[in-house]
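Trainee: Numbering (the working numbering) for the sequence shown: 64 to 165.
Backbone N, C-alpha and C fix where the C-beta goes; we use that ideal spot for every residue, glycine too.
Computed from a predicted model, the values in this text were never measured in an experiment.
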Amino acid sequence: DEEVTAVVIDNGSGMSKAGFAGDDAPRAVFPTIVGRPKMPGMMVGLDQKEVYVGEEAQTKRGVLKTEYPIEAGFVKDWDDMEKVWNHTIYNELRVSPEEHPC
């Protein structure tokens, strides 16, 4: 039997950290921010997404309406929080949730 390493996610109001149980440090640290285009179709020449998360949302904040799904330690938007978790698992850690319990 192969040993399975658990994913560890620490979502904060400003920053999220993620990695694997047993590691000395997080593998990913990024802003807990979600952004949507202010004017859909405005970002000509770019593959526009409906939602941007983390660093990508931070760098494009001039053309995005940004939100922080966690405020004062409490989740205020569970739909956006799910987007942060998906981003964490698939884009930051690049793992399959079926293979790594959270």
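Between the Cα of Ala88 and the Cα atoms of Val70, Glu119 and Ser76, which residue gives the shortest distance?
Mentor: The residue with the shortest Cα to Cα distance from Ala88 is Val70.
Trainee: Going along the chain, which residues of its own chain have a beta-carbon closer than 6 Å to the beta-carbon of Glu118, five neighbours each way excluded?
Mentor: Excluding residues within five positions, the ones whose Cβ falls inside 6 Å are Phe93.
Trainee: Just tell me which of Ile96, Thr129, Val158 and Val67 has its CA closest to the CA of Asn171.
Mentor: Residue 171 cannot be examined here, being either before or after the span of the chain that is shown, 64 to 165.
Trainee: With 16 as the cutoff for other CB atoms within 10 Å, does Tyr115 come out buried or exposed?
Mentor: That one is buried.
Trainee: Under a three-way DSSP split, which group does Gly117 fall into?
Mentor: Gly117: coil per DSSP, three-state reduction.
Trainee: Any idea which residues DSSP pairs Asn74 with across the strands?
Mentor: Per DSSP, Ser79.
Trainee: On a CA-only basis, which of Glu162, Ile72 and Lys101 is nearest Arg90? Give me that one, please.
Mentor: Selected option, being the one with the closest Cα: Ile72.
Trainee: CB-CB under 7 Å to Gln121, same chain, minus the five flanking residues each way: which ones, in chain order?
Mentor: Closer than 7 Å at the Cβ level, and outside the excluded window around Gln121, lie Pro94 and Ile96.
Trainee: What did DSSP end up calling Lys139 once you bin it into helix, strand or coil?
Mentor: Note: Lys139 maps to coil in three-state DSSP.
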